[in-house]
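Quick note: the sequence shown uses the numbering used here, first residue 380, plus one each step. Each residue gets a CB set at the ideal place from its N, CA and C atoms; glycine is no exception. In what follows, a structure is listed as structure tokens, so that the remarks can point back to it.
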Amino acid sequence: MQTMKAIISTGYGGPEVLVLKEVKKPTPKDNEILIRIYAASVTRAGTMMRTGKPYFGRLFTGLSKPKHPIPGTGFAGVVESIGSAVTRFKAGDRVFGESIEIFGTQAEYIALPEDGLVMHKPAGMTCEEGASVCDGPLTSINFLKDIAHIQPGQKVLINGASGALGTSAVQLAKHYGAQVTGVCSTKNIDLVNSLGADHVIDYTKVDFTKGDARYDIIYDTVGTLSFPRSKRALSENGLFISPVLKFSLLLQVLWSSFFGKKKAKFAATGLKPKEELRTLLEELTEIIASGKLKSVTDRVYPLSEISEAHQYIDTGHKRGNVVVITGQRA
């Protein structure tokens, strides 16, 4: 039996529940491609899945322990072999994408359907950059374009502008012609300015919810705001959006759908139909190739230091993306 190294979630809890083990190497089915992974994303959503909180999220991830033992969704690598029915890829193709159904990217190999969320990696995109595209950028383009229906000239505020979702959201909102205000800490002001933000607010010194500015869209990428707190800063028909799952937010989404002109919306990007996600990813790839969206990578860890990567994310101070590498250059 051929084996590979992979991270295994032994249960819900702290970073110590993630253990590096030798497991069976997958064999591609007729419609699948076997990908040798070089880089995989480590995300804030991944740390939430590790803890199993909020608890109602376990209805989807597993009641007593993660139902998918190998974590990780975003990846970049090279096609090692293909199933007999595969036509879109060949061995040696450099690819990136996301495993939205079985997770499993924090490992040396993964087998995925060729019609899954897998794309050829553009020239010039590193594996570290490619591994993170389906985290911050894909979520942010979904929220800004498909959920908020962003329009040129709108005033958009990005809370958590220096994180994985925030750094991509600032650039995407500018790409769509919005006037962008980023909210971050003092040390990240230069970073957010460099991404093209028109205005930057230091949340350690200024509370934008108490100011006079009004925004058509408030995108809370980190879950530190609430719809009630943010309503004053919204324009008459303003929209509050956040990908951070909270029971209180779900209640606010329901309430605002019936009452008032100002609305709150939540969505799980990974639950969108695969065809819609592919369309968004194709657009993202074009934006990246045009140079209008650049990845910000904070730290890169070897796969064996996955616990350290989670510990760092748990501090809440990461800038852009965190990535683990398997040690195999693709």
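CB residue i to CB residue j, shorter than 8 Å?
| i | j | result |
| --- | --- | --- |
| Q558 | L574 | no |
| T600 | G545 | yes |
| V421 | F475 | no |
| A543 | G503 | no |
| Y598 | F522 | yes |
| A592 | A612 | yes |
| C563 | A540 | yes |
| F439 | I489 | no |
| G456 | I414 | yes |
| L536 | L656 | no |
| E480 | A470 | no |
| N538 | T588 | no |
| L491 | I412 | yes |
| T705 | L682 | yes |
| N700 | T664 | no |
| T583 | T565 | yes |
| K625 | P433 | yes |
| E401 | I520 | no |
| H554 | I666 | yes |
| P407 | G462 | yes |
| E508 | S674 | yes |
| M498 | L660 | yes |
| I692 | R437 | no |
Provide the residue span of the beta strand (DSSP E) that contains residue i, from first to last.
| i | result |
| --- | --- |
| M383 | T382 to S388 |
| G476 | R473 to E477 |
| L536 | K534 to N538 |
| P492 | Y488 to P492 |
| T560 | Q558 to C563 |
| F619 | L613 to I620 |
| Y594 | Y594 to D599 |
| P516 | From DSSP, P516 is part of no beta strand (DSSP E) but of the alpha helix (DSSP H) over G515 to I520. |
| G453 | G453 to I461 |
Just mark residue i as buried or exposed, buried being the case when its beta carbon has 16 or more other beta carbons within 10 Å.
| i | result |
| --- | --- |
| F435 | exposed |
| F619 | buried |
| G425 | buried |
| R429 | buried |
| I621 | In the sequence under discussion, the amino acid at residue 621 is Ser, which differs from the Ile named in the question. So S621 ends up on the buried side. |
| D569 | exposed |
| K642 | buried |
| Q530 | exposed |
| M380 | exposed |
| R467 | exposed |
| K500 | buried |
| G390 | exposed |
| S443 | exposed |
| K403 | exposed |
| A548 | buried |
| K653 | exposed |
| A552 | buried |
| G590 | exposed |
If you follow the alpha helix (DSSP H) that residue i is in, where does it begin and where does it stop?
| i | result |
| --- | --- |
| L399 | Looking at the DSSP string, L399 is not in any alpha helix (DSSP H); the run it does join, the beta strand (DSSP E), is L397 to K403. |
| R608 | F606 to S609 |
| M498 | Not the alpha helix (DSSP H): M498 falls in the beta strand (DSSP E), residues V497 to H499. |
| F545 | Sequence check: residue 545 is Gly here, not Phe. Unbroken alpha helix (DSSP H) run through G545: A543 to H554. |
| R437 | R437 to T440 |
| A688 | I685 to D693 |
| G649 | From DSSP, G649 is part of no alpha helix (DSSP H); its letter is neither H nor E. |
| L663 | K653 to A668 |
Once you ignore the five residues that flank residue i on each side, which residues in its own chain have a CB closer than 8 Å to its CB?
| i | result |
| --- | --- |
| S605 | S627, L628 and Q631 |
| S609 | T588, I597, D599 and F619 |
| G532 | G556, A557 and Q558 |
| P607 | Q631 |
| T382 | E401, V402, K403 and K404 |
| D494 | N410, R467 and K653 |
Could you pull out every residue in the same chain whose Cβ sits closer than 7 Å to the Cβ of residue i, ignoring the five residues on either side in sequence?
| i | result |
| --- | --- |
| A464 | D409 and N410 |
| E615 | K640 |
| I449 | A385, I386, I387, F482, G483, Q485 and A486 |
| A510 | A418, A419, S420, G453, F454, A455, F475 and V702 |
| H447 | I481, F482 and G483 |
| V679 | E507, V702 and I704 |
Grab me the residues of residue i's own chain with a C-beta within less than 6 Å of its C-beta, minus the 5 sequence neighbours each way, in chain order.
| i | result |
| --- | --- |
| G695 | none |
| V579 | G561, I568, V571 and N572 |
| K534 | Q558, Y594 and D595 |
| K697 | D677 |
Quiz item: Are the segment 385-399 and the segment 676-687 in contact at 8 Å, needing three or more beta carbon pairs?
Solution: yes
Practice problem: Count the C-beta pairs between the segment 469-488 and the segment 628-646 that are closer than 8 Å, then say yes if the count reaches three, no if not. | Solution: no
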